[in-house]
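Here the protein sequences come in this chain order: A and B.
Under the working numbering, the residue at position 174 of the first sequence is numbered 252, and the numbers go up by one with no gaps.
Under the working numbering, the residue at position 71 of the second sequence is numbered 115, and the numbers go up by one with no gaps.
Glycine is no exception: its CB is placed at the ideal position from the N, C-alpha and C atoms.
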Amino acid sequence: MNLTWHILKKDFVRLRLPLALWVILMVGRFLVGDRILRVETNDLDALQVTLGTLSAMHNVLFGLQLILGCVLVAALIHEDSVVGENAWWVTRPISGARLLGAKLTGLVLFFVVLPQVVSLPWWLYAGFDGRAIGGAVIQLAYTQAALSLLVLVVAVLTANAARFVAMVLLLVFAWMCCFITFLAHSPDVPVGVTQTRALAGVVLSLAVIALVVVQQFLTRRRGRSWVMFSAGFVLMLVLANFWPWDWSRWALWRGGEPPALAQVTVAPTGEVAFTKAGSNLDPSLVRMEMGFRYTNLPGDYSLNFGGVTGTLRWPDGTEKKRTGWIQSYPMAISWHIMGLKAPAGIRLEEWQKNAQGRGDAAITFIPRSYAAKLRQQAPAWTGELELAAYHGELVAEVPFREGAADGRAGHKVHVMRIEHLESGSLVVNLAESVPIPAGDDLPIPLDLSSRRRPPVCYVLSSRDRTKFVLLRPYAESGTLVNSVVVLRSTFSVNVAQLGNPADPHWLDQAEVLKVAYWSVGTLVRPAHSDGLHETQFRNGHRVEPATGPKPAPGT
Amino acid sequence: MNIIETHNLTRRFGRTEAVHGLELAVPEGSVFALLGPNGAGKSTTIKMLMNLIAPTVGEARVLGVDSRQLGPFERQQIGYVSENQQLPLWMSVRQYLDYCRPFYPAWDGELERTLLARFELPGDRKLQHLSRGMLMKAALLSSLAYRPKLLVLDEPFSGLDPLVRDEFVRGLLEVSELGGWTVLVSSHNIEEVERLCDRIALMDEGRLQFAESTETLLGRFRRVEVTLQDGPADLASPPPDWLELERTGELVRFTVMHHEPGVTERACAQRFPGAAVVINPMTLRDIFIVLARAGRTAKKGAAA
Chain A
79 MNLTWHILKK DFVRLRLPLA LWVILMVGRF LVGDRILRVE TNDLDALQVT LGTLSAMHNV
139 LFGLQLILGC VLVAALIHED SVVGENAWWV TRPISGARLL GAKLTGLVLF FVVLPQVVSL
199 PWWLYAGFDG RAIGGAVIQL AYTQAALSLL VLVVAVLTAN AARFVAMVLL LVFAWMCCFI
259 TFLAHSPDVP VGVTQTRALA GVVLSLAVIA LVVVQQFLTR RRGRSWVMFS AGFVLMLVLA
319 NFWPWDWSRW ALWRGGEPPA LAQVTVAPTG EVAFTKAGSN LDPSLVRMEM GFRYTNLPGD
379 YSLNFGGVTG TLRWPDGTEK KRTGWIQSYP MAISWHIMGL KAPAGIRLEE WQKNAQGRGD
439 AAITFIPRSY AAKLRQQAPA WTGELELAAY HGELVAEVPF REGAADGRAG HKVHVMRIEH
499 LESGSLVVNL AESVPIPAGD DLPIPLDLSS RRRPPVCYVL SSRDRTKFVL LRPYAESGTL
559 VNSVVVLRST FSVNVAQLGN PADPHWLDQA EVLKVAYWSV GTLVRPAHSD GLHETQFRNG
619 HRVEPATGPK PAPGT
Chain B
45 MNIIETHNLT RRFGRTEAVH GLELAVPEGS VFALLGPNGA GKSTTIKMLM NLIAPTVGEA
105 RVLGVDSRQL GPFERQQIGY VSENQQLPLW MSVRQYLDYC RPFYPAWDGE LERTLLARFE
165 LPGDRKLQHL SRGMLMKAAL LSSLAYRPKL LVLDEPFSGL DPLVRDEFVR GLLEVSELGG
225 WTVLVSSHNI EEVERLCDRI ALMDEGRLQF AESTETLLGR FRRVEVTLQD GPADLASPPP
285 DWLELERTGE LVRFTVMHHE PGVTERACAQ RFPGAAVVIN PMTLRDIFIV LARAGRTAKK
345 GAAA
């Protein structure tokens, strides 16, 4: 172990200057992130320009840090090259296993632990609590480890920097070809199969990387390593295109079904709308939306986006099996609202009276001929819906005045500016730092929606929660700085919406509420409709359908 | 006891056979030179011995262990210096020695200081700022300070100017007095090898031509000059160990491969009665050149 540390110490001495530069670039990003949070201006248009410049500056620093990070990983390996016959260490009493141990320890210390240590003050400054820091640690470790592993496998197969760069370019090209092939799958492939293919690809990649790295360090037989690498690459291409089974339910974390949602039912409304003539993927397909409604949903939970699989059955025995996804309509009765009631104490009664528009809908594509057939004969539909469940949590309760700030669960919201326009509208600018949970923005093509950054909802509410309005940003500038999203959002509020002639000063006592929706699991429900019929919507409201058969849309 | 043994050691690169069926034995305690022109297969042989490349066929045993199984324990007893070795040039001489030291339990600090002084190496200078000769000395120092049983030098004189080469050889000679190690040196610089080695092997086109002690080799090769004095001269079908037989006027010159005092003189007297015969010893360089020329002539003959 002492000798392993001895090698590691040598590598640290060798790389100390570029490592210091790497850390400086990281700290530079923190400074830019802080500037994004603090920049003030009276002109909101100018603010957007400044934020754009700062964001670009951050991205340049991030790009440089990324490139330098790759160079550092490669340099760490090339310092004691495992390719060729002239490396110094090979003729010394250093085994391949010991060298591998030293290099892996170096990778972990320099590129996983060091960024965490450097980022800790930044996370604390951003207002992260223990949970947020935990998530940030895992998130940063993921990203750094993934990047280091990808660079590692190229570095162990190359002898020097020039060959490393050439090989990276070659692999990027090969990967792009592979990715295009991967994307070119038929829309008929179920989402679960696509997810399983992606996951299998990732698992296989990790296995191949581990195998190639270990074999190259232990035997230095590059020909054999290349054969393994190439075989893994080809196998990944085959998997990405031909893997037939859906193992996503077992392989991907979805969190199961929360007990609080056991009574929730999902039922099709029987309404079908054709919202778009044709599909970009295949113009012979027609986009079809089937309405659904939920019941017994607790006030602090929301359901959103998921997959749908079902079969259309016509009385004449014709069947069509389709897969698709679920979407919410319209934002005025946004799914957010459902989860607001309990955490924010919002009184939804008035809102619910007006919630007469379209509910959630399952989107799928069907052939044009089937759309025409549906208009003539109502088919039955039987299928299964899969919905992501979220639990709403109030993460900020900020007094509605400039300079006020509040936050919890790692979120920090700062009211930067409130501007009263001549038109009578209000413009509000917020500066926020937001944590991202572990698993967000993974550099792999996986739909881990349940682990993504929690969706949030902003509400301007009176203190007694009797009056409120949903705030929707019309300008937003977000930058991810080492697991902290630094965000500047500008909202416009029509004061007339807030009107209460009896209490014209209620805004003086108002608060900006921010609710985060934490992913808590997945709901799977069977559903059935005896007959689907076409319904017309205009501006989100149902209109009476025209009588008599009509041609299929787009014809 | 042999510290290195090879049996049918062969290495092919595609269709090219760099080393062919090499049978070699390096006795313990010897200073053994592997000689041969460029491309003879010397470095390939050494790389196989050091497990830097794998043999295609055959095996090599170094310190009694299959070369493919050489581990840290055996490496602690082997010193290796090569012109092609990538040293950590960013280190100073002192840093380099400090880095090497912990890998060798038998590292002799006193010997390190002695060699550092004897080689006149500046401890605080980076390896990349050393001259080539100094760099080779630093590499040699780091391979000697733990008193290895076997020291392998692969083309150590290559690229060194005569002065530095001389310094390096002197350094080697000095340290050879300090320890009882076995040295295997590959080179095409014959003069330096002659000063250093007590056993010599010659390789050409991947094949071993001979391997014997320097003393025997220098003893059996002789340059013969015969001055004919109107007597008969039988130049037809000379003995096979007479190489490069040529006549210029009254002067006949040739090299005897297996000289024995009295025997060569008698053979000359039979073929050149009454002629004056002068038999001169040869340098290793002369022997090397004669053998190289003879090899080429034989190849041309075979091709014709």
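Have a look at the options and flag the residue whose alpha-carbon is nearest the alpha-carbon of residue i.
i, options, result
"Val101 of chain B", "B:Leu66, B:Ala319 and B:Gln130", "B:Leu66"
"Ala474 of chain A", "A:Tyr468, A:Leu508, A:Ala466 and A:Ala467", "A:Leu508"
"Asp643 of chain A", "A:Trp584, A:Thr272, A:Val491 and A:Val250", "Lying outside 79 to 633, the shown extent of chain A, residue 643 of chain A is not represented and no answer is given."
"Tyr595 of chain A", "A:Pro171, A:Trp200, A:Cys535 and A:Arg107", "A:Cys535"
"Thr600 of chain A", "A:Ala219, A:Asn319, A:Ser380 and A:Val232", "A:Ser380"
"Glu349 of chain A", "A:Ile85, A:Gly609 and A:Asn80", "A:Gly609"
"Tyr143 of chain B", "B:Ala183, B:Gly115 and B:Phe163", "B:Ala183"
"Gly184 of chain A", "A:Arg113, A:Pro376 and A:Asp158", "A:Asp158"
"Leu313 of chain A", "A:Val506, A:Cys256, A:Val344 and A:Arg391", "A:Cys256"
"Glu288 of chain B", "B:Leu165, B:Leu335 and B:Leu217", "B:Leu335"
"Ser74 of chain B", "B:Val227, B:Ala319 and B:Arg329", "B:Val227"
"Cys148 of chain A", "A:Phe295, A:Thr221 and A:Lys451", "A:Thr221"
"Asn120 of chain A", "A:Thr568, A:Asn572 and A:Arg603", "A:Thr568"
According to DSSP, residue i sits in a beta bridge with which residue or residues?
i, result
"Gly384 of chain A", "A:Leu465"
"Gln341 of chain A", "Gln341 of chain A pairs with nothing; no bridge assigned."
"Arg21 of chain B", "This structure cannot settle anything about residue 21 of chain B, because the visible part of chain B is limited to 45 through 348."
"Ala152 of chain A", "None, per the DSSP bridge assignment."
Taking the straight line between their C-alpha atoms, what separation do you get for residue i and residue j?
i, j, result
"Gly179 of chain A", "Glu510 of chain A", "42 angstroms"
"Gln614 of chain A", "Gln217 of chain A", "45 angstroms"
"Arg541 of chain A", "Leu230 of chain A", "56 angstroms"
"Leu315 of chain A", "Leu289 of chain A", "18 angstroms"
"Pro268 of chain A", "Glu464 of chain A", "13 angstroms"
"Ser303 of chain A", "Val234 of chain A", "9 angstroms"
"Gly213 of chain A", "Ser230 of chain B", "60 angstroms"
"Phe90 of chain A", "Ala152 of chain A", "14 angstroms"
"Ala605 of chain A", "Phe352 of chain A", "20 angstroms"
"Ala278 of chain A", "Ala224 of chain A", "16 angstroms"
"Leu228 of chain A", "Ile287 of chain A", "8 angstroms"
"Met368 of chain A", "Arg241 of chain A", "55 angstroms"
"Pro445 of chain A", "Leu363 of chain A", "4 angstroms"
"Pro284 of chain B", "Thr299 of chain B", "11 angstroms"
"Thr82 of chain A", "Val292 of chain A", "16 angstroms"
"Ala204 of chain A", "Met104 of chain A", "15 angstroms"
"Gly130 of chain A", "Val137 of chain B", "51 angstroms"
"Lys87 of chain A", "Val186 of chain A", "14 angstroms"
"Lys431 of chain A", "Pro532 of chain A", "For Lys431 of chain A, the pLDDT reaches just 43, beneath the cut-off of 50, and the residue's location in the model is therefore unreliable, although a value from the coordinates is still provided. One C-alpha to the other measures close to 28 angstroms."
"Pro579 of chain A", "Ser607 of chain A", "A caution first: Pro579 of chain A carries a pLDDT of 48, below 50, which makes its placement in the model too unreliable to give a value."
"Gly111 of chain A", "Asp484 of chain A", "19 angstroms"
"Trp584 of chain A", "Lys490 of chain A", "24 angstroms"
"Trp373 of chain B", "Ile102 of chain A", "The structure shown has nothing for residue 373 of chain B, since chain B only spans 45 to 348."
"Arg157 of chain B", "Leu144 of chain A", "45 angstroms"
Under 8 angstroms by Cβ, that's how I've got residue i and residue j pegged, so tell me the actual separation to the nearest angstrom.
i, j, result
"Ile234 of chain B", "Leu78 of chain B", "No, Ile234 of chain B and Leu78 of chain B are not in contact; Cβ-Cβ is about 12 angstroms, not under 8 angstroms."
"Pro477 of chain A", "Glu589 of chain A", "6 angstroms"
"Asp378 of chain A", "Gly470 of chain A", "5 angstroms"
"Leu142 of chain A", "Leu97 of chain A", "Actually they are not in contact, since the Cβ atoms of Leu142 of chain A and Leu97 of chain A sit about 14 angstroms apart, beyond 8 angstroms."
"Gly556 of chain A", "Val563 of chain A", "5 angstroms"
"Val506 of chain A", "Leu591 of chain A", "At roughly 13 angstroms, the Cβ-Cβ gap does not stay under 8 angstroms, so Val506 of chain A and Leu591 of chain A are not in contact."
"Leu282 of chain A", "Leu317 of chain A", "6 angstroms"
"Thr460 of chain A", "Thr389 of chain A", "6 angstroms"
Discussion item. Please identify, using Cβ separations under 7 angstroms, the residues of the segment 171–191 of chain B that lie next to chain A, in order along the chain.
Written reply: Near chain A, meaning a CB-to-CB distance below 7 angstroms, no residue of the segment 171–191 of chain B qualifies.
Fill in: Residues in the segment 273–288 of chain A having any Cβ partner in chain B nearer than 7 angstroms
Those residues of the segment 273–288 of chain A placed with their C-beta closer than 7 angstroms to a C-beta in chain B do not exist.
Worksheet item: Can you list, in chain order, the residues of the segment 157–168 of chain A whose Cβ is nearer than 7 angstroms to any Cβ on chain B?
Response: If the cut-off is 7 angstroms between Cβ atoms, the segment 157–168 of chain A has Glu163, Asn164, Ala165, Trp166 and Val168 near chain B.
Practice prompt. Check each residue of the segment 142–163 of chain B: if its Cβ is closer than 8 angstroms to any Cβ of chain A, include it; give the result in chain order.
Written response: Taking 8 angstroms as the Cβ-Cβ cut-off, the segment 142–163 of chain B approaches chain A at Tyr143, Cys144, Pro146, Phe147 and Tyr148, given in chain order.
Practice prompt. Quick one: which residues of the segment 124–141 of chain B get their C-beta closer than 7 angstroms to a C-beta of chain A? List them in chain order.
Written response: Correct list: Tyr124, Asn128, Gln129, Gln130, Leu131, Pro132 and Trp134.
Worksheet item: the segment 81–96 of chain B: which residues have C-beta closer than 7 angstroms to a C-beta of chain A, in chain order?
Response: Hits within the stretch, in order: Lys91, Met94 and Leu96.
Discussion item. Short of 9 angstroms Cβ to Cβ, which residues in the segment 171–183 of chain A face chain B?
Written reply: Hits within the stretch, in order: Pro171, Ile172, Ser173 and Arg176.
Practice prompt. Taking only beta carbons into account, state which residues of the segment 304–326 of chain B come closer than 9 angstroms to chain A, listed in chain order.
Written response: For the segment 304–326 of chain B, the beta-carbon criterion of a distance under 9 angstroms to any beta-carbon of chain A is satisfied by none of its residues.
Practice prompt. Pull out every residue of the segment 189–220 of chain B whose Cβ sits closer than 7 angstroms to any Cβ of chain A, in chain order.
Written response: Residues of the segment 189–220 of chain B with a Cβ closer than 7 angstroms to any Cβ of chain A: none.
Worksheet item: Closer than 7 angstroms, Cβ to any Cβ of chain A: which residues of the segment 250–270 of chain B, in chain order?
Response: When C-beta distances to chain A are compared with 7 angstroms, every residue of the segment 250–270 of chain B stays at or above that value.
Discussion item. Tell me which residues of the segment 46–73 of chain B have at least one Cβ-Cβ distance to chain A shorter than 8 angstroms, keeping chain order.
Written reply: Flagged: no residues at all.
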